[in-house]
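Asker: If you read the protein sequences in the order shown, they are chains A and B. All letters in the first sequence, in the order written, are residues 1 to 305 by this note's numbering. All letters in the second sequence, in the order written, are residues 1001 to 1108 by this note's numbering.
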Amino acid sequence: MLTVSSLTPTQLRARLRGPGLDFQTGPFINRLHSNIPHLADGLAVLYGEYPLHESGGFANFHLDLSQPGGLRRWWRPQVRFDQDGQHPFKPLPVAQAQPFCEWMMNWCVSNRAHGYLIVHAAVIEKNGRAIILPAPPGSGKSTLCAALVCRGWRLLSDELALVRHADGMLVPLPRPVSLKNRSIDVIRAFSPDAVFGAIVHGTMKGTVGLMRAPADSIRRAAQVATSHAIVFPQWEADAPAMLEPLSRGQMFMRVADNSFNYTLIGAQGFETLAALAQRSAGYTFRYSKLEQAMEVFDALVGNPP
Amino acid sequence: MHDARHPWRVTEGQMLRRCEWDDEVVLFNDLSGATHLLSPTACWLLDRLAVNPDDVPGLATALEAELAAQAASDHAGNADGADSANIDHALLAELLADLHSLDLVAPC
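1) Would you verify that the beta carbon of F270/A is, or is not, closer than 7 Å to some beta carbon of chain B?
2) May I ask you to verify whether the stretch 130-143 of chain A touches the stretch 83-100 of chain A, counting CB pairs closer than 8 Å and requiring at least 3?
3) Note down, in chain order, every chain A residue with its Cβ under 7 Å from the Cβ of V1010/B.
4) Below 7 Å between beta carbons: does that hold for K141/A and A161/A?
5) Could you please give the first and the last residue of the uninterrupted beta strand (DSSP E) stretch that includes S227/A?
6) Output yes if chain B places a C-beta closer than 7 Å to the C-beta of A161/A; else output no.
7) DSSP puts T1035/B in a beta bridge; with which residues?
8) Distance check for P1057/B and P1040/B, CA to CA, integer angstroms please.
9) Three-state secondary structure (DSSP) at N303/A?
10) Once the 5 residues before and after L1063/B are set aside, which same chain residues still bring their CB inside 6 Å of it?
11) Since V171/A and P51/A are thought to touch, with beta carbons under 8 Å apart, how far apart are those beta carbons, to the nearest angstrom?
12) I'd like to know if M251/A contacts chain B, where contact means its C-beta is closer than 7 Å to some C-beta of that chain.
13) Measure from the alpha carbon of H53/A to the alpha carbon of each residue in D22/A, G209/A, I118/A and S139/A, then state which is nearest.
14) Go ahead and label V1051/B buried or exposed: buried means 16 or more other beta carbons lie within 10 angstroms of its beta carbon, across all protein chains shown.
15) Consult DSSP for V1051/B and reduce its assignment to one of helix, strand or coil.
16) With 8 Å as the C-beta to C-beta threshold (strictly closer), list the residues of the stretch 1017-1030 of chain B near chain A in chain order.
17) Under the three-state reduction of DSSP, which class applies to S178/A: helix, strand or coil?
18) Taking a Cβ distance cut-off of 8 Å, strictly less, list which residues of the stretch 228-256 of chain A are near chain C, in chain order.
19) Using DSSP with H/G/I as helix, E/B as strand and the rest coil, what is R1005/B?
20) Quick one: any contact between the stretch 272-285 of chain A and the stretch 1064-1076 of chain B, if contact means 3 or more CB pairs under 8 Å?
21) If you draw a straight line from the alpha carbon of N111/A to that of L1092/B, how long is it in whole angstroms?
22) Below 8 Å on the Cβ atoms is my guess for D158/A versus R182/A; work out the distance and round it to an integer in Å.
23) Counting only Cβ-Cβ distances shorter than 8 Å, please list the residues of the stretch 1035-1046 of chain B near chain A, keeping chain order.
24) For the beta strand (DSSP E) holding K315/A, just list the boundary residues, first then last.
25) Give the interface partners of G266/A over in chain B, defined as CB-CB distance under 7 Å, in chain order.
26) Going by the beta-carbon positions, is the gap between L155/A and A222/A smaller than 7 Å?
27) Quick check: the Cα distance between F252/A and H114/A, rounded to an integer number of angstroms?
28) Please go through the same chain and pick out, in chain order, the residues whose beta-carbon is closer than 8 Å to the beta-carbon of T1035/B, but skip the five residues on each side of it.
29) So, is R1005/B buried or exposed, given that buried needs 16 or more other C-beta atoms within 10 angstroms?
30) G1081/B to D257/A, Cα distance in whole Å?
31) With burial defined as no fewer than 16 other Cβ atoms inside 10 Å of the residue's Cβ, what is the status of G202/A: buried or exposed?
32) Can you tell me which of A147/A, T143/A and I36/A puts its alpha carbon nearest to the alpha carbon of D298/A?
33) Taking W1021/B as part of the beta strand (DSSP E), name the residues at either end of that continuous run.
34) Taking 7 Å as the threshold (C-beta atoms), are L276/A and V109/A in contact?
35) Rounded to the nearest angstrom, what separates G18/A and G56/A at their Cα positions?
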């Protein structure tokens, strides 16, 4: 299977401007059109290892992130998102095209992929045991996820946990880890080898840096994983790393609260989440130091079976 | 305020799915699409009212009998160990009002 990195920069831009760049993230094929040069450069850095598909075949999501023509091209240039001819969001400054692209890819999944129970959560795996980290923004979820991935855990997702209805298995959707504000420097200090796309300032989420997903996680994107635990993280200044059990009932309700489509899919969502809760231990987790957190998570999954 | 002598029933047309773990029950109501985290007592009330609409005194009597039977079962072979339970009618009425606010039960 060819990857996006097999395209030269010129070929990559030609696809984006022409028939579209068809590339696969987890179970989804995205067709992306764009006339923004720096978005092409960012894709080359962050998506080079992803499977490349021939243009014109089936694609789950059709995205267009383009800079409008006319005066807008020169006066406070913007990027506009078009999805199947609809414009569900206001344009943003063109400098924010890369994070905008990530948000729109998330939006497509969370609004369309109802063949899965979708939870706002990171998912990482080690020794065959996956851990789901559901949490609202500001909890330290992505920072913790990035740190674990930098220490060899497999990345299934930073943002969207996909739970298969049929068997409750977790379907990987490894994409760049979105870090905000201070977390960018925290991870750079924690793992100097981490590769980031361009750092973008002044977004609605502050400063955003996208950390490239590990190549091994991308190669193993077809390998589903079994949930071992569901951990609700919360970063707290000076807090010692502390894992505390959470009842299955409480865990169920909190996962449902963090789901994009639990209510939408009705009884099927209940059954899928019930199966997930049955096989997963629940915890809350407070932490301030990543090194301590690494020890706790390594102990949680134990040794290889 | 609902009259304690007025009977309650489960809301008509709902189908309830549930999961039970330890002392918690997660309940899905396909009529409202809502999910609730309930106590075993609340679930016992729903089961009871599904087959037998009743008022607070009647439910209290039935619950006392249920608890006595469970206690006797837990202390099988030791008849003196079974405790009798006195159900607080006000608490039971409050629980029914809570279930009513969740659209799980309704006055007859």
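Ideal Cβ placement from N, Cα and C applies to all residues, glycine included. These numbers were taken from a predicted model, which means no experiment stands behind them.
Answerer: Inspection of the coordinates gives the following:
1) yes
2) no
3) The premise fails here: V1010/B is roughly 18 Å from chain A at the closest Cβ pair, so nothing lies under 7 Å.
4) no
5) T226 to W235
6) no
7) F1028/B
8) 19 Å
9) coil
10) I1087
11) Wrong, their Cβ atoms sit about 15 Å apart, outside the cutoff.
12) no
13) D22/A
14) exposed
15) helix
16) R1017, C1019, W1021, D1022, E1024, V1025, V1026, F1028 and D1030
17) strand
18) In summary, chain C is missing from the structure at hand, where the protein chains are A and B.
19) coil
20) no
21) 42 Å
22) Contact flag wrong, Cβ pair sits at about 17 Å.
23) T1035 and L1037
24) The structure shown does not extend to residue 315/A, since chain A is modelled only from 1 to 305, so the question has no answer here.
25) D1030 and G1033
26) no
27) 19 Å
28) V1026, L1027, F1028 and N1029
29) exposed
30) Summary for G1081/B: the model assigns pLDDT 45, below 50, so the residue's position carries little reliability; its value from the coordinates is reported in the next sentence. Cα-Cα distance, rounded: 43 Å.
31) exposed
32) A147/A
33) L1016 to W1021
34) no
35) 11 Å
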